[in-house]
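Its first residue numbered 34, the sequence shown is counted upward by one per residue in the numbering used here.
Just so you know, even glycine gets a beta-carbon here, dropped at the ideal spot from N, CA and C.
Read through the structure below, which is laid out as structure tokens, and then see the notes.
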Amino acid sequence: MAVGIFDSGLGGLTVLDAASKRLPDVPFAYLGDNQHAPYGVRDAQDVYELTCTGVSRLWDAGCDLVILACNTASAAALRRMQESWVPSDKRVLGVFVPLIEALTERQWGDNSPPREVSVRNVALFATPATVASRAFQRELAFRAIGVDVEAQACGGVVDAIEDGDMILAEALVRSHVDALKRKMPSPEAAILGCTHYPLMQDVFQDALGPSVKVYSQADLVAESLEDYLARHPDKLGDSVSSIFLTTGDPRSVSDRATQFLRRRIVFEQA
Ligand code: DGL
């Protein structure tokens, strides 16, 4: 048994990396659905079906708890999965709530009514599917009032990163930040609402300027996972080693993963 981390591709490795640094004794089972990435341009039904298939594979690998590191899956599929698909002895958690808790400076489990918070203008950078779902705004509305969210669908960035073309990825990030600034000239905070974007965090920060606080989810999700496992130690797992699974070509996925994380990662066929 291990803690499962699901993503459409390589981006979830940013979450895996932060989680394994914070929880070095916890074994993780990572599944990247590289064969079907990117999810960000798929419709909600498609994302739902692919995500259920991927999570089932992680259950087969012995996981009782799966983190949907993928924002697109969290936005387009998580609620439906939790309402009608996840068995009672399993858990699937998403990545929006930790981000929103941090943005609104609320403690874990604070279920008090929504209230005014210190930020007013928030930029959200995410995939087209995540932006279309409005899931971020929906979750935020449970916790905060008076926050204006301007969302920018960052077409092309995930493909460029998955292809290892970081020059194109940087150019696209800068043009998406420009587009966002035309709609919201002075955001106070920016959310990187896609697992791939922490790999471009410096570019986002540079393009947005030093006064904008950039929230990147990897560390926030890792912190929230630590908190969750402290409260639910039965979901911790008793496996001793981590595994990396992909629906794509294990050799090329391993090479790109090794390049991203700057340590050797070996994927197996899912
Ligand atoms: N990992 C996905 C996310 O966090 C983005 C990649 C994709 O479009 O598949 O939204």
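Inset, instruction - Counting only the same chain and skipping the five closest in sequence on each side, list residues whose C-beta sits under 6 Å from that of histidine 229. - result: Correct list, in chain order: Gly44, Val191, Ile194.
Inset, instruction - Check whether the stretch 262-269 touches the stretch 68-82, counting contact only when three or more Cβ pairs, one atom from each stretch, lie closer than 8 Å. - result: no
Legend entry - Beta carbon of glutamate 172 nearer than 7 Å to that of phenylalanine 129: yes
Legend entry - Neighbourhood of valine 125 by C-beta, 7 Å cutoff - its chain only, sequence neighbours within 5 removed: Val88, Val99, Leu101, Leu111, Met114, Gln115, Val119
Inset, instruction - Specify whether the stretch 145-165 and the stretch 58-78 touch according to this definition: at least 3 beta carbon pairs, one from each stretch, less than 8 Å apart. - result: yes
Inset, instruction - Please state if the CB of proline 57 and the CB of alanine 35 are separated by a distance shorter than 7 Å. - result: no
Inset, instruction - Using only the heavy atoms of the ligand DGL, determine whether one of them is closer than 6 Å to the beta carbon of proline 120. - result: no
Inset, instruction - Give a yes or no on contact between the stretch 235-255 and the stretch 174-189, applying the rule of three or more CB pairs nearer than 8 Å. - result: no
Legend entry - Exposed unless 16 or more other CB atoms sit within 10 angstroms - verdict on serine 219: exposed
Inset, instruction - Answer yes or no: do alanine 223 and alanine 156 have a C-beta to C-beta separation smaller than 7 Å? - result: Going by C-beta atoms, alanine 223 is nearer than 7 Å to alanine 156.
Inset, instruction - Have a look at glutamate 301 and phenylalanine 277 and give me their C-alpha separation to the nearest angstrom. - result: 6 Å
Legend entry - Which residues DSSP lists as bridging glutamine 302, in chain order: Thr279, per the DSSP bridge assignment.
Inset, instruction - From the DSSP output, read off the bridge partner residues of asparagine 104. - result: Here asparagine 104 is not bridged, per DSSP, to any residue.
Legend entry - Proximity winner among Asp260, Val299, Thr105, relative to threonine 279 (alpha-carbon distances): Out of Asp260, Val299, Thr105, Val299 has the C-alpha closest to the C-alpha of threonine 279.
Inset, instruction - Kindly give me the distance between the Cβ atoms of phenylalanine 237 and valine 210, rounded to whole angstroms, as I take these residues to be in contact under 8 Å. - result: 7 Å
Legend entry - Member of Arg90, Glu203, Lys54, Val254 whose CA lies at the smallest distance from the CA of asparagine 104: Among Arg90, Glu203, Lys54, Val254, the Cα nearest to that of asparagine 104 is on Val254.
Inset, instruction - Since I believe leucine 225 is in contact with valine 247 (beta carbons under 8 Å), could you give me their beta-carbon distance rounded to a whole number of angstroms? - result: 6 Å
Inset, instruction - Taking only the alpha-carbon atoms, compute the straight-line gap between aspartate 97 and leucine 64 and give it to the nearest angstrom. - result: Using only the alpha carbons, I get a separation of about 14 Å.
Inset, instruction - Measure the alpha-carbon distance for threonine 291 versus alanine 202 and round it to whole angstroms. - result: 18 Å
Inset, instruction - Would you decide whether alanine 212 is buried or exposed? Buried here means 16 or more other CB atoms lie within 10 Å of its CB. - result: exposed
Inset, instruction - Consider the C-beta atom of valine 227 and the heavy atoms of the ligand DGL; say whether any pair is separated by less than 6 Å. - result: The amino acid occupying residue 227 in the given sequence is cysteine; valine does not appear at that position. Yes - the ligand DGL has a heavy atom lying nearer than 6 Å to the Cβ of cysteine 227.
Inset, instruction - Have a look at aspartate 40 and phenylalanine 175 and give me their C-alpha separation to the nearest angstrom. - result: 26 Å
Inset, instruction - For valine 365, verify whether its CB is less than 6 Å away from any heavy atom of the ligand DGL. - result: This structure cannot speak to residue 365, because the chain is shown only from 34 to 303.
Inset, instruction - Find the nearest neighbour of glutamate 138 within the set Asn154, Pro146, Val150, judged by alpha-carbon distance. - result: Val150
Legend entry - Whether glycine 281 touches asparagine 67 by CB criterion (7 Å): yes
Inset, instruction - Using three-state DSSP, classify glutamate 138 as helix, strand or coil. - result: coil
Inset, instruction - Taking aspartate 260 as the reference, give the member of Gly42, Ser145, Arg55, Trp92 with the closest Cα. - result: Arg55
Inset, instruction - Starting from alanine 165, follow its DSSP beta bridges and name the residues at the other end. - result: Its beta-bridge partners do not exist; DSSP assigns none.
Legend entry - Nearest to aspartate 252 (by Cα), restricted to the options Ser107, His69, Pro131: Pro131
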